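Visitor: According to UniProt numbering, the sequence shown holds residues 1 to 301 in order.
C-beta atoms are modelled at their ideal positions from N, C-alpha and C, and glycine is treated no differently.
From a predicted model like this one, the values you see are computed outputs, not experimental measurements.
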Amino acid sequence: MRSRTPDRLCAEAVDLARAAAEEAALPGMVGEHIDVVADGDRVVTHLFACNEPGYRGWRWAATVARASRAKIVTLDEVALLPGPDALLAPEWVPWSERLRPGDMGPGDLLPTEADDLRLEPGFTGEDIPPPNSPVAEGMAAEVADSEEADVLPGSPAVQPAPERGSIAAVAEELGMRRARVLSRYGLHTAADRWEEAYGAKTAMAQAAPATCVTCGFLTQLPGSLGQAFGVCANEFSPADGRVVSLAYGCGAHSEAAVMPKPPRPAAPVVDETVVEPLSLRPERDGGSVEETGPAEELGHS
C-alpha cells in the first residue's frame, strides 16, 4: 500500500539525490530543492528546480529507496519531469487534422482515405446487365453478326454482353471514367466554404454597387453549382480566379461606371398665388366661425 508520509531516511537523503541529478544534468543546471514526494513504502522522490532556459517549470526528479529494515538509502532513477506550470509542446495532432488549405507545396502528396465522406464511387458497374438477362441476350445477338464481334461457340443467346456498347466503355473512351466523384456532402461543404469566403454576407459584398449575377466578368459554372456560383474573371477584382457566389459583389463590377444613381426627391415648390379654400373652425365657446385664407390672415385683401 502506498504511504502518504515520506520515509524519514529517504527524505533526509537530499545530498544523494542532488548528486545524482547533477551527474545527469549539465553543470549548474540543478537548482534548489523544491519538494519531497512519497511514491510508496520507503520510496521517495526529491524534486529540484531546473535552471535550463528552455525548460521553464521543469524539475529534476531523483527517486531514492531503501530495503526493509535497512538503513542504507540507494538511488533508484533520475529524470527530468514537467511541473504544474511547465512550458510544454502542443499536444500532438495527426497530420490529417492539422493540415490547412494552402499548406501543400510542389511535390507534396495528399492521400485521400477510402471512406472520405466528400467522395462517392464514380462507376460501380451496375449498368452492365447480368449475363442471362434479356438485355444481355439482345445485345449479344446484335453483335453476333458484326465483323468486330468476338463470337464464342454456341447460340447467340449465350454470348457475353459486349463491352463496347456499355456505359463504362463509352466513359473510358471519352476520358470521363473516374473511380470516385464528389458526393452530396462534399458538394455542400464546398458550397459553404465558397459562400463564407465570397458570399453576400462579406464586407466587400455589402458595400458593392451590384451583385455578380449582373457582372460581365462572371463566368458561370456548369451543372447545379451554376445556379449559385461562378468564377470571377476580372484581374482587378479581389476575387479574380475565385469561385464567387452570385450574390457577391465588389467595386470592380463591369457596370459600376454607368450604374444609375439612386433617385432623389424633387425640391418642394411653394405657389403663393393659390388661395386655400375657407373652412370652419370651432370657437372657444363651442360655436364655429368662418376661417379665412392665408392672404386674409396676413391682412391682404
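For Cys232, report the span of its beta strand (DSSP E) as first-last.
Guide: For this step, residue 232 is matched to residue 232 along the sequence shown. Looking at the DSSP string, the run of the beta strand (DSSP E) that includes Cys232 is 229-232.
Visitor: Determine the DSSP secondary structure at Ser96, reduced to helix, strand or coil.
Guide: Start at 1 with the first residue of the sequence shown, and residue 96 comes out as number 96. Helix.
Visitor: Kindly list the residues whose CB is nearer than 8 Å to the CB of Cys10, restricted to its own chain and excluding five residues on each side of it in sequence; keep chain order.
Guide: On the sequence shown, residue 10 is found 10 positions in, with the first residue counted as 1. Around Cys10: Arg42, Val43, Val44, Val64, Ala65, Arg66, Val73.
Visitor: Can you give me the Cβ contacts of Ala200 inside the same chain, cut-off strictly under 7 Å, excluding the 5 residues immediately before and after it?
Guide: Start at 1 with the first residue of the sequence shown, and residue 200 comes out as number 200. Same-chain partners within the cutoff: Ser245, Ala247, Tyr248.
Visitor: Using the DSSP secondary-structure output, state which residues sit across from Phe236 in a beta bridge.
Guide: Within the sequence shown, residue 236 is the residue found at index 236, counting from 1. The partner list for Phe236 (beta bridge, DSSP) is empty, contrary to what the question assumes.
Visitor: Go ahead and pull the three-state DSSP assignment for His188.
Guide: Within the sequence shown, numbered from 1, the residue matching residue 188 stands at position 188. Three-state result, His188: helix.
Visitor: Quick one: Cα of Gly226 to Cα of Ala205, how far?
Guide: As a working mapping, residue 226 is identified with position 226 in the sequence shown. As a working mapping, residue 205 is identified with position 205 in the sequence shown. Cα-Cα distance, rounded: 19 Å.
Visitor: To the nearest angstrom, report how far apart Thr75 and Leu16 are at their CA atoms.
Guide: Taking the sequence shown and counting its residues from 1, the one referred to as residue 75 is at position 75. Taking the sequence shown and counting its residues from 1, the one referred to as residue 16 is at position 16. Residue 75 is actually Leu in this sequence, not Thr. Looking at the two C-alpha atoms, the distance is approximately 7 Å.
Visitor: Check whether the Cβ of Arg69 sits closer than 7 Å to any heavy atom of the ligand FMN, and report yes or no.
Guide: What this structure holds is no ligand at all, so the ligand FMN is not there to describe.
Visitor: For the beta strand (DSSP E) that Glu22 lies in, which residues bound it at each end?
Guide: Taking the sequence shown and counting its residues from 1, the one referred to as residue 22 is at position 22. Looking at the DSSP string, Glu22 is not in any beta strand (DSSP E); the run it does join, the alpha helix (DSSP H), is 14-24.
Visitor: Find the nearest neighbour of Thr211 within the set Ala79, Gly40, Phe229, Gly223, judged by alpha-carbon distance.
Guide: Counting from 1 along the sequence shown, the entry for residue 211 is found at position 211. Of the listed residues, the one whose Cα sits closest to Thr211 is Phe229.
Visitor: In the DSSP assignment, the beta strand (DSSP E) including Cys215 goes from what residue to what residue?
Guide: Numbered from 1 along the sequence shown, position 215 holds the residue referred to as residue 215. No beta strand (DSSP E) holds Cys215; DSSP gives it neither H nor E.
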